[in-house]
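Here the sequence shown stands for residues 0 to 263, numbered as in numbering that gives the first Met the number 0. Have a look at the structure below, then the notes.
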Amino acid sequence: MQYKPPARTAPPQGRSFVPFSWKNAHYRVSAGASDDICAAIPGLRKTLEDYIEEHPAFATSFAPLPFDGKAPDMVRRMLSAAVKTGVGPMAAVAGTIAQMAAEYALARGASEAIVENGGDIYLHSPGGAVIGLYTGSSTLGGMLALSLPPSSLPLAVCSSSGTMGHSVSFGTCDLATVFSKDASLADAAATLAGNLVSAEEDIAPALERIMSIEGIQGVLIIKNERLGMAGEVPELVKNRETDLGAKISRDEKSNFRPRQGSNL
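Right under this line is the structure:
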């Protein structure tokens with residue numbers, strides 16, 4: 000469908016975030032839980048690295064691998080997401096780390112925990128949240144944001160793009176964003192959605208495929224100036240953020256470049 004942006008404007012967000020980097024990954028985390036979130040991430044990465052050392056195919060496979068019931072929890076989450084979506088387990092790594100780091104902070108008493116890594120977000124907040132959509136060259140992304148009420152949280156909001164970032168994609172989708180309570184699943188499904196879209200006419204079948212996956216709440220796909228949605232997608236509102244590109248974490252290998260006007 001040809002999308003016209005809504006009239007309602009996203010409210011300003013009063014929370015603050017802390018940047019955090021570990022090895023080749025860069026995060027933005029909610030300030031109130033930053034100590035616990037930042038303490039959890041290195042341990043999660045070490046767990047994954049140790050598993051990959053013994054199972055090198057885990058790091059390179061573009062297809063699901065046999066489930067390993069003896070693997071650490073984070074590895075099992077990634078393997079399960081891969082099986083459900085048909086992609087490799089590393090497609091779920093950013094979402095998995097985001098959710099598990101947030102869960103660690105919440106278990107230690109945090110009232111709010113938000114972790115963002117390259118467009119993959121897991122958030123729990125008693126005050127709700129507004130998330131801007133960034134699509135690079137497509138004008139739609141800079142115009143839109145997602146309004147998430149407290150009743151919708153916790154929620155994973157994971158995105159993939161074939162035109163931005165360093166991650167492997169077999170499509171040229173400007174943005175595929177998937178919503179689920181399971182960040183591992185949302186991350187892997189976003190990768191699949193991005194793989195499926197190379198033209199505007201691919202949007203409808205891609206939406207159908209993603210919504211056929213158990214555990215997916217909703218999906219939003221943008222290609223050029225076309226937008227498609229299916230399932231339970233948060234309310235779209237006008238994006239008031241004037242420098243959204245500067246707030247997206249990325250690693251050194253990323254081809255992401257903010258639109259002209261960003262001060263990044």
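Glycine is no exception: its CB is placed at the ideal position from the N, C-alpha and C atoms.
**OP:** Have a look at Ala97 and Ala198 and give me their C-alpha separation to the nearest angstrom.
**Re:** Here residue 97 refers to the residue found at position 98 when the sequence shown is read from its first residue. Here residue 198 refers to the residue found at position 199 when the sequence shown is read from its first residue. Computed Cα separation, rounded: 30 Å.
Original post:
Which runs of the alpha helix (DSSP H) spanning at least 4 residues fall entirely within the stretch 99-167, listed in chain order?
Top reply: DSSP runs (the alpha helix (DSSP H)) wholly in the stretch 99-167: 138-142.
Subject >> Length of the line joining the Cα atoms of Leu154 and Glu53 >> reply: Position 155 of the sequence shown, counted from the start, is the residue given in the question as residue 154. Position 54 of the sequence shown, counted from the start, is the residue given in the question as residue 53. Rounded to the nearest whole angstrom, the C-alpha separation of Leu154 and Glu53 is 32 Å.
Subject >> Rounded straight-line distance, which links the Cα of Ala32 to that of Tyr26 >> reply: Looking up residue 26 in the sequence shown gives position 27. Looking up residue 32 in the sequence shown gives position 33. Near 13 Å, if we compare the C-alpha coordinates of Ala32 and Tyr26.
**OP:** Provide the residue span of the beta strand (DSSP E) that contains Lys222, from first to last.
**Re:** By 1-based counting over the sequence shown, the position of residue 222 is 223. Element bounds for Lys222: 215-222.
Subject >> Span separating the alpha-carbon of Val177 from that of Asp49 >> reply: Here residue 177 corresponds to residue number 178 of the sequence shown, with the count starting at 1. Here residue 49 corresponds to residue number 50 of the sequence shown, with the count starting at 1. Straight across, the Cα-Cα distance linking Val177 with Asp49 is about 29 Å.
Original post:
When DSSP labels each residue in this structure, what does Ser197 get in the three-state scheme?
Top reply: Here residue 197 is taken as the residue at index 198 of the sequence shown, counted from 1. Correct three-state label for Ser197: coil.
**OP:** Determine, using beta-carbon pairs with one atom in the stretch 40-48 and one in the stretch 119-138, whether at least three such pairs fall under 8 Å.
**Re:** no
Subject >> Opening and closing residue of the beta strand (DSSP E) in which Gly42 lies >> reply: Residue numbering aside, residue 42 sits at position 43 when the sequence shown is read from its first letter. Segment 33-53 is the alpha helix (DSSP H) holding Gly42; no beta strand (DSSP E) there.
Original post:
Going by the CB atoms, is the gap between Ser124 and Glu115 shorter than 8 Å?
Top reply: Along the sequence shown, read from residue 1 onward, the residue named residue 115 stands at position 116. Along the sequence shown, read from residue 1 onward, the residue named residue 124 stands at position 125. The criterion of a C-beta distance shorter than 8 Å is not satisfied by Glu115 and Ser124.
**OP:** Could you check what DSSP says for Leu174 in three-state terms: helix, strand or coil?
**Re:** Residue numbering aside, residue 174 sits at position 175 when the sequence shown is read from its first letter. Three-state DSSP puts Leu174 in a strand.
Original post:
Going by other Cβ atoms of all chains shown within 10 Å of its Cβ, with 16 needed for buried, is Gly126 buried or exposed?
Top reply: Counted from its first residue, the sequence shown places residue 126 at position 127. The residue is exposed, with fewer than 16 neighbouring Cβ atoms inside 10 Å.
Original post:
Under 8 Å, do Ile215 and Ala182 count as touching if we go by C-beta distance?
Top reply: Walking along the sequence shown from the start, residue 215 turns up at place 216. Walking along the sequence shown from the start, residue 182 turns up at place 183. For Ile215 and Ala182, no; Cβs fall outside 8 Å.
Subject >> Rounded separation between Leu174 and Gly193 - CA only >> reply: Here residue 174 corresponds to residue number 175 of the sequence shown, with the count starting at 1. Here residue 193 corresponds to residue number 194 of the sequence shown, with the count starting at 1. Leu174 and Gly193: Cα-Cα distance of roughly 7 Å.
Original post:
So Arg27 is in the alpha helix (DSSP H); what residue range does that whole segment cover?
Top reply: Here residue 27 is taken as the residue at index 28 of the sequence shown, counted from 1. Per DSSP, Arg27 belongs to no alpha helix (DSSP H); it is in the beta strand (DSSP E), 24-29.
Subject >> Reduced DSSP category for Pro10 - H, G, I as helix; E, B as strand; rest coil >> reply: In the sequence shown, the residue the question calls residue 10 occupies position 11. Caution applies to Pro10, whose pLDDT of 40 falls short of 50 and renders its modelled position unreliable; the model cannot decide the point.
**OP:** Ignore the nearest five residues each way along the sequence and tell me which others in Glu234's own chain have a CB closer than 6 Å to its CB.
**Re:** Against the sequence shown, residue 234 aligns to sequence position 235. So the list reads Ser146, once near-sequence residues are dropped.
Original post:
Along the chain, where does the beta strand (DSSP E) that runs through Pro18 open and close?
Top reply: The residue given as residue 18 occupies position 19 in the sequence shown. Looking at the DSSP string, the run of the beta strand (DSSP E) that includes Pro18 is 16-21.
**OP:** Indicate whether Glu200 and Leu139 have their beta-carbon atoms separated by less than 8 Å.
**Re:** Residue mapping note: residue 200 aligns to position 201 of the sequence shown, counting from 1. Residue mapping note: residue 139 aligns to position 140 of the sequence shown, counting from 1. No, they are not a contact pair.
Subject >> Nonlocal neighbours in the same chain, by C-beta distance under 7 Å from Trp21, ignoring five residues either side >> reply: On the sequence shown, position 22 is the one that residue 21 refers to. Around Trp21: Ile40, Pro41, Arg44.
Original post:
Of the choices Leu152, Asp72, Lys83, Val82, whose alpha-carbon is the least far from that of Glu274?
Top reply: No answer is possible for residue 274: the residues shown for the chain start at 0 and end at 263.
Original post:
Under a three-way DSSP split, which group does Glu234 fall into?
Top reply: Counting from one through the sequence shown, the residue named residue 234 turns up at place 235. Reduced to three states, the DSSP call for Glu234 is strand.
Original post:
Is Ala229 helix, strand or coil by DSSP?
Top reply: As a working note, residue 229 is residue 230 in the sequence shown. Ala229: strand per DSSP, three-state reduction.
Original post:
Across which residues does DSSP place Ser179 in a beta bridge pair?
Top reply: As a first step, residue 179 is located in the sequence shown; it is residue number 180 there, counting from the start. Looking at the DSSP assignment, Ser179 forms a beta bridge with Ala155, Ile215.
**OP:** Given a cut-off of 8 Å, decide if Ala185 and Gly85 are closer than it, judged by their beta-carbon atoms.
**Re:** As a working note, residue 85 is residue 86 in the sequence shown. As a working note, residue 185 is residue 186 in the sequence shown. For Gly85 and Ala185, no; Cβs fall outside 8 Å.
Subject >> Whole-angstrom distance between Ala24 and Met228, CA atom to CA atom >> reply: Counting from one through the sequence shown, the residue named residue 228 turns up at place 229. Counting from one through the sequence shown, the residue named residue 24 turns up at place 25. Looking at the two C-alpha atoms, the distance is approximately 30 Å.
Original post:
The alpha helix (DSSP H) spanning Met77 covers which residue range?
Top reply: Residue numbering aside, residue 77 sits at position 78 when the sequence shown is read from its first letter. Per DSSP, Met77 belongs to the alpha helix (DSSP H) from 72-84.
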